[in-house]
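Chemist:
Numbering (this note's numbering), first residue to last: 15 to 299.
1) From the DSSP output, in three-state form, read off residue 210 for me.
2) Label residue 85 either buried or exposed according to how many other C-beta atoms from any shown protein chain fall within 10 Å of its C-beta, with 16 as the threshold for buried.
3) In terms of residue numbering, what span does the alpha helix (DSSP H) encompassing residue 150 cover?
4) Ends of the beta strand (DSSP E) at residue 84?
5) Does residue 247 come out as helix, strand or coil in the three-state DSSP assignment?
6) Contact defined as beta carbons within less than 8 Å: I believe residue 229 pairs with residue 161. What is the distance between those atoms, to the nearest angstrom?
7) Roughly how many angstroms separate the alpha carbons of residue 73 and residue 243, rounded to a whole number?
8) Quick one, are the C-beta atoms of residue 196 and residue 234 less than 7 Å apart?
9) So the alpha helix (DSSP H) residue 268 belongs to, where does it begin and stop?
10) When the Cα of residue 147 is compared with those of 118, 257, 183, which residue comes out closest?
11) At a cut of 8 Å, does the stretch 166 to 184 reach the stretch 207 to 220 through at least three beta carbon pairs?
12) Taking the alpha carbon of residue 159 as the reference point, which residue from 265, 277, 135, 232 has its own alpha carbon closest?
13) For the alpha helix (DSSP H) that residue 90 lies in, which residues bound it at each end?
14) Distance, Cα to Cα, residue 90 vs residue 79?
15) Determine the DSSP secondary structure at residue 128, reduced to helix, strand or coil.
16) Can you tell me where the alpha helix (DSSP H) holding residue 230 begins and where it ends?
17) Once DSSP output is grouped into helix, strand and coil, what is the label at residue 282?
18) If you draw a straight line from the C-alpha of residue 245 to the C-alpha of residue 275, how long is it?
19) Starting from the C-beta of residue 177, find all residues in its chain whose C-beta is less than 8 Å away, skip the five residues before and the five after it, and write them out in chain order.
20) Give the single residue among 93, 207, 174 whose Cα lies nearest to the Cα of residue 119.
21) Should the stretch 135 to 142 be regarded as contacting the stretch 108 to 119, the criterion being three or more beta carbon pairs within less than 8 Å?
22) Pull up the distance between the alpha-carbon of residue 156 and that of residue 238, whole angstroms please.
23) Under three-state DSSP, which class holds residue 218?
24) Less than 7 Å between C-beta atoms, sequence neighbours within five positions excluded: which residues of the same chain meet that for residue 82?
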């Protein structure tokens with residue numbers, strides 16, 4: 015990690031932290047306890063809430079997130095004040111109907127988009143207001159991301175797709191100097207995920223389950239401590255989807271990998287430690 019990003023992520027953020035010892039935001043629960051999250055507090059001061067939660071060193075924390083999009087002259091609200099936290103090593107599922115704001119929330123957690131109002135904290139440090147270059151580096155070095163439609167590059171084979179984040183991280187000469195080590199890391203991941211026989215195959219030659227496993231390997235090759243998964247089984251049949259969740263659960267337990275997963279499938283969500291339900295842009299009972 016560069017000195018710039020390390021400094022941004024480790025310097026204390028004192029401006030948003032009060033001392034009045036306010037209440038916890040909803041969505042906070044003990045680690046590895048499956049239950050529906052209680053309703054969130056909508057709006058209001060975040061003083062004290064941040065102080066209490068940052069002190070607990072939750073892996074992820076959101077405070078009063080609002081996000082809307084403009085459609086012509088109409089402003090369409092998507093998130094309407096979401097406060098929640100995720101404990102290190104937790105497997106959290108976010109569920110809700112289409113249009114409830116699940117994917118929007120995940121994009122804010124991963125700094126792919128910025129909230130109109132509210133704050134996002136990672137490892138106790140605010141990240142939604144980082145410069146674009148620092149957010150890019152955060153995603154490349156600390157976050158792994160999995161999408162419903164895989165987003166594999168069609169011109170690259172499986173091994174090359176998995177190596178792509180490392181190619182982006184390193185300069186040409188740095189990558190060439192380390193290519194044996196980096197290639198070995200990617201090949202080991204693909205072998206673990208049952209794709210050692212597909213290294214040279216392009217995405218069009220893979221099944222849906224194989225493409226999603228390749229996407230998981232690509233997310234893990236950067237050795238993240240947080241995995242964000244947007245409908246990882248939504249484009250798969252039931253048996254293949256169950257296998258993907260088994261893989262995620264194994265990674266969570268064996269590597270203490272924090273996972274936040276968006277899904278519309280309640281049976282899939284029930285495999286997580288905890289469920290947060292979104293409705294009309296808010297966390298509900």
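By construction, the Cβ of each residue, glycine as well, lies at the ideal position given by its N, Cα and C atoms. None of these values were measured; they are calculated from a predicted model.
Modeler: Judging by the given coordinates:
1) helix
2) exposed
3) 146 to 155
4) 74 to 85
5) coil
6) 7 Å
7) 16 Å
8) no
9) 252 to 269
10) 183
11) yes
12) 232
13) From DSSP, residue 90 is part of no alpha helix (DSSP H) but of the beta strand (DSSP E) over 88 to 100.
14) 15 Å
15) coil
16) 222 to 234
17) helix
18) 7 Å
19) 196, 197, 200, 235
20) 93
21) no
22) 4 Å
23) helix
24) 89, 90, 91, 92, 130
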